[in-house]
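Shown next, in structure tokens, is the structure this report addresses.
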Amino acid sequence: MKAVVTGGAGFIGSHIVEELIKIGFQVHVIDNFSTGKQGYIHPLAIPYEMDICSNKAKEIILKIKPDYLFHLAAQADVVRSTLNPMEDANINIMGTINLLEACKEASVKKFIFSSTSAVYGNITKNPISEEDPTLPLSYYGLSKLSAENYIKRYNHIFGLPYTILRYGNVYGPRQTAKGEGGVIAVFLDKIRNNEKLKIHGDGKQTRDYIYVKDVADANIAAIKNGDNNTFQICTGTSTSIMDLISILSEEHNDDLYYFHSSERIGDIKHSSISNRKAKKHLIWSPSYDIKQGIHETYNFSVNH
Ligand SMILES: NC(=O)c1ccc[n+]([C@@H]2O[C@H](COP(=O)([O-])OP(=O)(O)OC[C@H]3O[C@@H](n4cnc5c(N)ncnc54)[C@H](O)[C@@H]3O)[C@@H](O)[C@H]2O)c1
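Last residue of the sequence shown: 738 (my numbering), numbering continuous.
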């Protein structure tokens, strides 16, 4: 079996590449290394340095004729999307359309898309389910939602099968302190440099933190299950910033120093998302709880 992973040199994509190789896939990686690193790509994967918006990317997909395409390459920085909405839309919407065109022509068995719970915006429902309304706050959330809709249209019009995976806040080895939801990476960076941790507001705000290996497993599950459907990939439990600090200080075996700064404007106080649908139809459930995930991430962080 052959797979193309766009963004396979990035944080989440590189873990998916590893899992695909473990189960015997021939893996091709399309990445422009804007945030990804060559060194993150598994040595058995075949890399192509190119932009997903380019003709070259389309041509290489037509040449490879992959069975599955995992689409992760994205402009994944919320702040950057606000500063440069054209760039964000070009990569996240036009880039996705370019890949969909290639997959349609190459008769790919399935288009597996990495999306985000940022598509919901400031919804107060607890917990959020896949059927809830989407009203993204950021251009990033908007461009990912548009990409989702193009994927659904390609299925409707041309029969291209898909699975859309909307992640909670992903964390784990190789995450940089930038981009989406990287608070654990930011804290680990500060801990490594002996700096104080900065907490916005009272630190009681909660999020669903999902370990990157569980996210990679969800992508593997999508090879066989969850056709033409959308799933939230999360733990179904919420963790506050203060909880994170207490788990990190246990790992660190020492007190951590922190200070409170003003709340961030537009920050959602509590976010709780359900994984019931993924458990039932994707036949996937997370294996890591927050303590186990932070344990592995902390060990990676101190050794790199
Ligand atoms: N990290 C999270 O918490 C999170 C949450 C929800 C969704 N996601 C989604 O998961 C995917 C991967 O995110 P990540 O956290 O691993 O980010 P990342 O920045 O580590 O990975 C993105 C990869 O895509 C590559 N890339 C970017 N633009 C490209 C382009 N135009 N052409 C080719 N390659 C390009 C980068 O070099 C990088 O290797 C993204 O689609 C993101 O929207 C991430």
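By construction, the Cβ of each residue, glycine as well, lies at the ideal position given by its N, Cα and C atoms.
Beta-carbon proximity list for residue i, same chain, < 6 Å, skipping 5 on both sides
i: M528; result: C487
i: G606; result: Y645, V646 and T731
i: K703; result: Q639
i: F665; result: L599, K711, A712 and L716
i: S706; result: N560, P561 and S672
i: L569; result: G555
i: S577; result: D522, A523, N526 and I527
i: I633; result: I675, Y692 and H694
Local conformation of residue i per DSSP, three classes
i: A552; result: helix
i: S695; result: strand
i: S448; result: helix
i: N653; result: helix
i: F621; result: helix
i: F459; result: coil
i: D522; result: helix
i: T516; result: helix
i: A712; result: helix
i: K490; result: helix
i: T597; result: strand
i: K544; result: strand
i: F665; result: strand
i: Y588; result: helix
i: A437; result: strand
i: Y643; result: strand
i: L678; result: helix
Nearest-angstrom Cα separation, counted from residue j out to residue i
i: T558; j: S551; result: 13 Å
i: S672; j: T640; result: 6 Å
i: Y691; j: N628; result: 9 Å
i: A508; j: V438; result: 15 Å
i: N466; j: E483; result: 5 Å
i: D689; j: F734; result: 20 Å
i: K624; j: H590; result: 47 Å
i: N737; j: G602; result: 26 Å
i: T440; j: Y584; result: 17 Å
i: V542; j: I498; result: 10 Å
i: G442; j: I475; result: 7 Å
i: I464; j: P481; result: 6 Å
i: S549; j: G447; result: 13 Å
Assigned exposure category for residue i - 16 Cβ within 10 Å defines buried
i: E582; result: buried
i: M435; result: exposed
i: L594; result: buried
i: H694; result: exposed
i: D651; result: buried
i: V553; result: buried
i: P720; result: buried
i: P477; result: exposed
i: T516; result: exposed
i: H462; result: buried
i: F592; result: exposed
i: N489; result: exposed
i: L506; result: buried
i: N687; result: exposed
i: G458; result: exposed
i: R608; result: buried
i: G473; result: exposed
i: L496; result: exposed
Same chain only: Cβ atoms within 7 Å of residue i, ignoring 5 sequence neighbours per side
i: Y722; result: Y645, K647 and D648
i: I724; result: Y643, T673 and I681
i: P519; result: Y573
i: G660; result: T597, H715 and L716
i: L588; result: It should be noted that the sequence gives Tyr, not Leu, for residue 588. Answer for Y588: L534, K538 and L594, listed in chain order.
i: W718; result: D651, A652, A655 and A712
i: N532; result: I486, C487, A491 and K492
Same chain, Cβ closer than 8 Å to residue i, neighbours up to 5 away in sequence not counted
i: T610; result: F445, T469, G616 and A619
i: D566; result: Y554, I557 and K559
>> With three or more C-beta pairs closer than 8 Å as the rule, is the segment 659-670 touching the segment 519-534?
In response: no
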